[in-house]
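The structure under discussion appears below in the form of structure tokens.
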Amino acid sequence: MSSKRSKAQKAHISQLAASIKSAKAAADVHPKDSPSTLSAKPKTRKQAHEATLNGRIQELETELTESRALANQLTERLAVSSSEVATARTEIGRLEAHILGASIELGTTGERLLALEISVASLTVNLKKANKRAKRLAREKADAQRRHTIRTGRLELEKNELVQDLSRELVEANLKAERLASVTAELETTLTEEKAVTAGLRKKNHTVDMRNRRARSSLSYYRRRLSTLATWKAAQKGTYTPEARRLFRALSKAGCAGDRVCDAIKACARAFGIAVLRLPSRRTVHRARDEGGMFADVQTGREISQCEGFGASSDGTTNRKITFESNHITLQCPTYTPGVDDSDRSTWTSQTRFVKVEPAIDHKAQTQFEGTKKLAEQIASAYSNSPLAERDGAKMEADDWFRKQEFQNMDHASDGKKKLNLCAEYKKDVIAGDLGREALKALETGEFVKSLAALTKDDVEKAYRQAKFEVENESDLDRATVTKLIEKIVGQTVLDSMSDHDREVLLAITFAGCCAHKDMNAFKYGTTKLERGWEERNKTPPVLLANKANAATIRLGNADSAAVQQAIDSSSRGGVKLVSLAAALFNHSDDKRGYQEMHRVFMKDEKLAFHGIKDESRFPDANNTRFNSHTKGACELITYLDSYFRLIESCRDSKASPGFNHVEATLYKGLQDISTITELAAESLYGISVSWLYMAMVRGKKGEVRNLLDQDLIDLHRRLPDFCDAIAANPDLLLEESISDFSNVTLDGKPWSHPNTVLAIRVLKDELPDLKGAISDMFSGAAEGWRQFTQEFAPGGALDSLTPEQRARIFIPATNDANEGALGSWRVWLRYHPSSTAAGFSNKIRLERNNTESFIEKHCNEADHKYVMRTVRARGASGENSRFHQELLEAQRERIRAYRQKQQDAETKKQREKERLIAVGIVMDVAKIMKMKASELDDQLKIHSKILNDETLSRTRQKDIRLKADKLTALLAAVERNRP
1 MSSKRSKAQK
11 AHISQLAASI
21 KSAKAAADVH
31 PKDSPSTLSA
41 KPKTRKQAHE
51 ATLNGRIQEL
61 ETELTESRAL
71 ANQLTERLAV
81 SSSEVATART
91 EIGRLEAHIL
101 GASIELGTTG
111 ERLLALEISV
121 ASLTVNLKKA
131 NKRAKRLARE
141 KADAQRRHTI
151 RTGRLELEKN
161 ELVQDLSREL
171 VEANLKAERL
181 ASVTAELETT
191 LTEEKAVTAG
201 LRKKNHTVDM
211 RNRRARSSLS
221 YYRRRLSTLA
231 TWKAAQKGTY
241 TPEARRLFRA
251 LSKAGCAGDR
261 VCDAIKACAR
271 AFGIAVLRLP
281 SRRTVHRARD
291 EGGMFADVQT
301 GREISQCEGF
311 GASSDGTTNR
321 KITFESNHIT
331 LQCPTYTPGV
341 DDSDRSTWTS
351 QTRFVKVEPA
361 IDHKAQTQFE
371 GTKKLAEQIA
381 SAYSNSPLAE
391 RDGAKMEADD
401 WFRKQEFQNM
411 DHASDGKKKL
421 NLCAEYKKDV
431 IAGDLGREAL
441 KALETGEFVK
451 SLAALTKDDV
461 EKAYRQAKFE
471 VENESDLDRA
481 TVTKLIEKIV
491 GQTVLDSMSD
501 HDREVLLAIT
511 FAGCCAHKDM
521 NAFKYGTTKL
531 ERGWEERNKT
541 PPVLLANKAN
551 AATIRLGNAD
561 SAAVQQAIDS
571 SSRGGVKLVS
581 LAAALFNHSD
591 DKRGYQEMHR
601 VFMKDEKLAF
611 HGIKDESRFP
621 DANNTRFNSH
631 TKGACELITY
641 LDSYFRLIES
651 CRDSKASPGF
661 NHVEATLYKG
671 LQDISTITEL
681 AAESLYGISV
691 SWLYMAMVRG
701 KKGEVRNLLD
711 QDLIDLHRRL
721 PDFCDAIAAN
731 PDLLLEESIS
741 DFSNVTLDGK
751 PWSHPNTVLA
761 IRVLKDELPD
771 LKGAISDMFS
781 GAAEGWRQFT
791 QEFAPGGALD
801 SLTPEQRARI
811 FIPATNDANE
821 GALGSWRVWL
831 RYHPSSTAAG
841 FSNKIRLERN
851 NTESFIEKHC
861 NEADHKYVMR
871 TVRARGASGE
881 NSRFHQELLE
891 AQRERIRAYR
901 QKQQDAETKK
911 QREKERLIAV
921 GIVMDVAKIM
931 KMKASELDDQ
941 LKIHSKILND
951 ETLSRTRQKD
961 IRLKADKLTA
971 LLAAVERNRP
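Count the sequence shown with full-length UniProt numbering and you get residues 1 to 980, in order.
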């Protein structure tokens, strides 16, 4: 009981202590006082009240301390002796009563504190506001002080800098003052001298005044002169100046039509603020252009006369049923760069000069040769008759064209080889004449007479025929003929006395064929052997791809009829034909026909979707027989075979009336044929492995023109046939899945340029059972072609026989692109200028491509301009174009007469043969037939075929009945068919 009471007392004491602390805290935070007192003197009243409360609290704390001490004593006593418990309890009761009273009093005090808290709360809010305002004012004051400090510092820095500047300026001013002082001293010294000079200057003042007056007068004069110069006078004394003509040519070159040059000049003059008094007509512009072409002829003649040797190239084409020939020459010549000495041959470079595009009666070798002679005469005349030649002290003879010609570069055609032989023969005659002329100077009179006496009548007549076109005066005919003949005879003797090597070097005209045509011809050889290979290997050939008429004949005709056989024989098949059909459908030469845009859009989407390739290219232009176009077309078809199936089907199904036309159906049929696809694969591999790489090597990079005499090109042509033979012997080289060494499969030894094509072929090879045989035929046929068309590169051949001096100066273009391009440009030019002539076109191209303006500016003067103007006017009035038209008509009439005569002769021969056969008579007796000779069997077969009209014999080819036994069998069968 005593322990429980002790615990209660302790709890009560603790509660009392807590109440005292809370009261103390409340007194500290919220002292009580009356509102009126607070409003009067808040701080004083608060402090007084707090002092009172603190006193009271201290008293309570003292009592509490005493109570605790007493309680502790009581507890100790209670623990010591139980007898004192009652006394302690009594004392505790008293203390509890006392504490209860204190608690009551403390509660009253708490109520007073609560009221005081309410009053202090409002005071605290006002106090907080005052504190915030004081803080804000303190911050503003601090900011103001900081700004003031910063500004003061800045001003201080400015003041320091200003002080430094002023100090520096003061130092400089002092220095300047010192200098001025010294200068002043000098000036004072000089002033005395100047005063003396002033007197002299005053005397000159009058002279200066007069000079000013004259200057004002000159200024007025030059202003009037400037006004005059602001007017451009294109003509002087009624003739357009060389500068004006050069401007006309420049505007024409820039693309202005002849009748638009006037408008261009007026627009430029208006922009430059210049008045133009006279403007050219279309005729004047064209004449200025022709004058540029005439200057180019003079330039070409001068360059030929100065060079040691040159090469010629040519090509021909037909346009609107008229043959046109293009000619270029390649030679060492000056660059005409300003400031460069053109007489220094070390500055010369190899240049290809455009000569002319001109119409011709036909493309025969003799016609080309005669045209070349005429061209040489024109160029020689242009230069030799010019004032420039007179200043140079040189001339060009027409024979210089052949005398200095060292090579010819053209296509591999029979007419080109014949023309080469004609030029070589003519060069031999020219060289023989030159040698004879030199030798005759050393001959004695007696030896000359002996040579003259040795001439025969045939020799004289031959010399007359050869020299007639050079004879200018009939009275000199005999002397010129005899002299030329003697010169050739003596010259031939000199040639015969030379060594074979020296004679060959002197007379040779090296032939170098166009590399682009070499490649095209080798491809043709390959496809020809590929076509024959199906029959030789006893395999199913590609499906027939007949045109619409032949297809109808084959489909509707009798299988044994001659018409069906003729339709089959005249129809084509194979990969080349299929590519041509695809090109006709997807890239037709007429842009209004075909599926050009549909193909581009469709295949772009297909290649991106299925192959991840961004490609918007058109189908290769095999329709126009571009170089490499058929191999590239085969590559396109074989690589994206499925896409082309879908393209053709979409074209078929998207029509208003769905269905194939004949070309589409034929192409679709070809793409489904295994043998045709096999040919496409073989041709694609040839293109990737050989053809495309070869063309890249011979054409060089970035439009570079390669020289066929470069050793790498010579080595390339020598190894090409063996390279193709190696692949033909082992086609698996191209079909291997992984290739580590590409030197055996690609011409340049680099990886495949079109790996997707090779991959597509490898995927299809199991479906193409005769692919290896086709590859072998393609490459072996190409090897035959390469051997045929690279003979000039053979060891010890024409190129190897050139001397080191010739090899150093000769530049043989690897391709004939210059002439091909010129003819193509002529056709395009004629398309937009239908009234233009080949002469006008040639004048324009010569001027632009031969660097002629630089030549004119550097070497030609006023006399040359007058000469060219007169010559062009004379040429314009010569009626050359009209004469050609008359010659063309006459040649046409001559061909018609020859054709009709040939028909008449053939009809006469046929009638005579028929009469002879009737006279021979038909023999139906088998016994007699068995005893006939081969010639008699031929007569009987002709009787059955031509008189009895036996259809079977009419369809039989002569090569099928060459043997006597075959003829006998055919005749007996015909007898049975025609027996009554």
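Don't be surprised by glycine CBs; every beta carbon is placed ideally from N, CA and C.
Item to check | Three-state secondary structure assigned by DSSP to residue 938 | outcome: helix
Checklist entry - Do the CB positions of residue 950 and residue 920 come within less than 8 Å of each other? => result no
Next on the checklist: Taking the beta carbon of residue 659 as the centre, do at least 16 other beta carbons fall within 10 Å, making it buried, or is it exposed?
Outcome noted: exposed
Next on the checklist: Can you tell me where the alpha helix (DSSP H) holding residue 378 begins and where it ends?
Outcome noted: 365-384
Checklist entry - Is it a yes or a no for the stretch 370-389 touching the stretch 275-286, going by three-plus beta-carbon pairs under 8 Å? => result no
Checklist entry - How big is the Cα-Cα spacing for residue 774 and residue 785? => result 17 Å
Next on the checklist: Could you check whether the stretch 886-901 touches the stretch 325-344, counting it as contact only if at least three pairs of C-beta atoms, one from each stretch, sit closer than 8 Å?
Outcome noted: no
Checklist entry - Near residue 983, which residues of its chain fall below 6 Å by C-beta distance, leaving aside the five closest residues on each side in sequence? => result Here the chain has residues from 1 to 980 only, and residue 983 is not among them.
Item to check | Length of the line joining the Cα atoms of residue 595 and residue 583 | outcome: 10 Å
Checklist entry - Can you name, in chain order, every residue of its own chain whose Cβ lies under 7 Å from the Cβ of residue 843, other than the five neighbours on each side? => result 289, 290, 292, 293
Checklist entry - Should the stretch 418-435 be called in touch with the stretch 484-495, which here means at least 3 C-beta pairs below 8 Å? => result yes
Item to check | Top-ranked residue by Cα proximity to residue 731, from 685, 402, 588 | outcome: 685
Checklist entry - According to DSSP, is residue 721 helix, strand or coil? => result helix
Checklist entry - In angstroms, rounded to a whole number, what distance separates the CA positions of residue 982 and residue 316? => result No statement about residue 982 is possible, as the shown extent of the chain runs from 1 to 980 and does not include it.
Checklist entry - Helix, strand or coil: how does DSSP classify residue 654 here? => result coil
Item to check | Alpha carbon of residue 206 to alpha carbon of residue 196, nearest angstrom | outcome: 18 Å
Checklist entry - Can you give, in chain order, each stretch of the alpha helix (DSSP H) that sits fully within the stretch 688-721 and has at least 4 residues? => result 692-699
Checklist entry - So residue 954 is in the alpha helix (DSSP H); what residue range does that whole segment cover? => result 951-955
Checklist entry - Alpha carbon to alpha carbon, what distance is there between residue 97 and residue 55? => result 22 Å
Item to check | Nearest to residue 651 (by Cα), restricted to the options 637, 667, 640, 638 | outcome: 667
Next on the checklist: Taking 8 Å as the threshold (C-beta atoms), are residue 669 and residue 576 in contact?
Outcome noted: no
Item to check | Any 3 or more C-beta pairs closer than 8 Å across the stretch 717-724 and the stretch 804-823 | outcome: no
Next on the checklist: Let's test the definition: count the other Cβ atoms within 10 Å of the Cβ of residue 681 and tell me whether it reaches 16, buried, or not, exposed.
Outcome noted: buried
Next on the checklist: Considering just the uninterrupted stretch of the beta strand (DSSP E) at residue 983, what are its terminal residues?
Outcome noted: Since the first and last residues shown for the chain are 1 and 980, residue 983 lies out of range.
Next on the checklist: Please report the distance separating the alpha-carbon of residue 984 from that of residue 630.
Outcome noted: This structure cannot settle anything about residue 984, because the visible part of the chain is limited to 1 through 980.
Next on the checklist: Between 265, 852, 211, which has its C-alpha nearest residue 233's C-alpha?
Outcome noted: 265
Checklist entry - How big is the Cα-Cα spacing for residue 795 and residue 713? => result 13 Å
Checklist entry - Do you know offhand how far residue 628's Cα is from residue 527's? => result 13 Å
Checklist entry - What first and last residue would you give for the beta strand (DSSP E) that runs through residue 358? => result 349-360
Next on the checklist: Out of 679, 710, 829, which one is the CA nearest neighbour of residue 761?
Outcome noted: 679
Next on the checklist: For the structure I just gave you, are there three or more beta carbon pairs, one from the stretch 176-193 and one from the stretch 220-229, closer than 8 Å?
Outcome noted: no
Checklist entry - Who are residue 544's beta bridge partners in DSSP? => result 573
Item to check | Span separating the alpha-carbon of residue 885 from that of residue 493 | outcome: 44 Å
Item to check | Where the alpha helix (DSSP H) containing residue 898 begins and where it ends | outcome: 880-920
Next on the checklist: Just to confirm before moving on: does the CB-CB distance between residue 406 and residue 510 stay below 8 Å?
Outcome noted: yes
Checklist entry - For the putative contact between residue 525 and residue 781, defined by C-beta atoms under 8 Å, what is the C-beta separation to the nearest angstrom? => result 5 Å
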